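What follows is a single structure, written as C-alpha cells, with notes after it.
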Amino acid sequence: VLALPHKGPAYSPSNRTRFRGSSEYRGNFKEIPQCYCSMDQKPLQEYDPLAFRSRNAIQDVPVPYKNSSIVEFGGGLHVNKNRRFVTTNMVQMSGEPVSIVSNPGIIAEHASFKKMLQAK
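Here my numbering is used: position 52 in the sequence shown is 186, and no number is missing along the way.
And the structure:
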C-alpha cells in the first residue's frame with residue numbers, strides 16, 4: 135500500500151447550510167419580467183423605490199428597417215439656407231478703412247445699416 139486517505143469530516147456536504155442569496159452585482163443583472171404598475175398579478179419583489187413594477191407602462195422602441203438611415207442632415211428651423219456657403223471671411227471683411235468716428239449714435243446707425251446690407 136502506497137498511501138492511505140485521511141478521514142473526512144464527520145458531517146456530509148448535504149447537511150451544511152448553503153448560501154442562498156446573491157451578490158449585488160448578480161442581482162443588478164438578473165433577468166426580470168417586464169412589469170408596470172397597472173398590470174395584473176405582478177411578481178413580488180423586495181422594496182425598491184425605482185422598481186419597474188411601480189412605473190407606468192412604456193412603449194417599445196421602434197426597430198428601424200434593415201439598411202435604413204435615420205440620420206437627418208440640416209439644422210432644423212434655425213438655418214438660413216440662402217447664406218449656407220458664406221464664410222467667416224465674407225461676413226467680417228468689408229474692405230472699408232478703419233473708422234475714426236467716436237459718436238455712439240453714428241456708430242450704431244452705421245452698424246444697423248451694415249446688418250441690413252448683410253441680410254440681403
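In this text, a Cβ means the ideal position worked out from N, Cα and C, and glycines have one as well.
Computed from a prediction, not measured in an experiment: that's the story for all the values here.
Going along the chain, which unbroken runs of the alpha helix (DSSP H) with 4 or more residues stay wholly within the region 153 to 223?
158 to 162
Considering only their Cβ atoms, is the gap separating Ile204 from Pro198 smaller than 7 Å?
yes
Beta carbon of Lys176, beta carbon of Arg189: below 7 Å?
no
Between which two residues does the alpha helix (DSSP H) holding Pro238 run?
238 to 253
Which of the three DSSP states, helix, strand or coil, is assigned to Val225?
helix
Taking just the CA atoms, how far does Ser157 sit from Leu138?
40 Å
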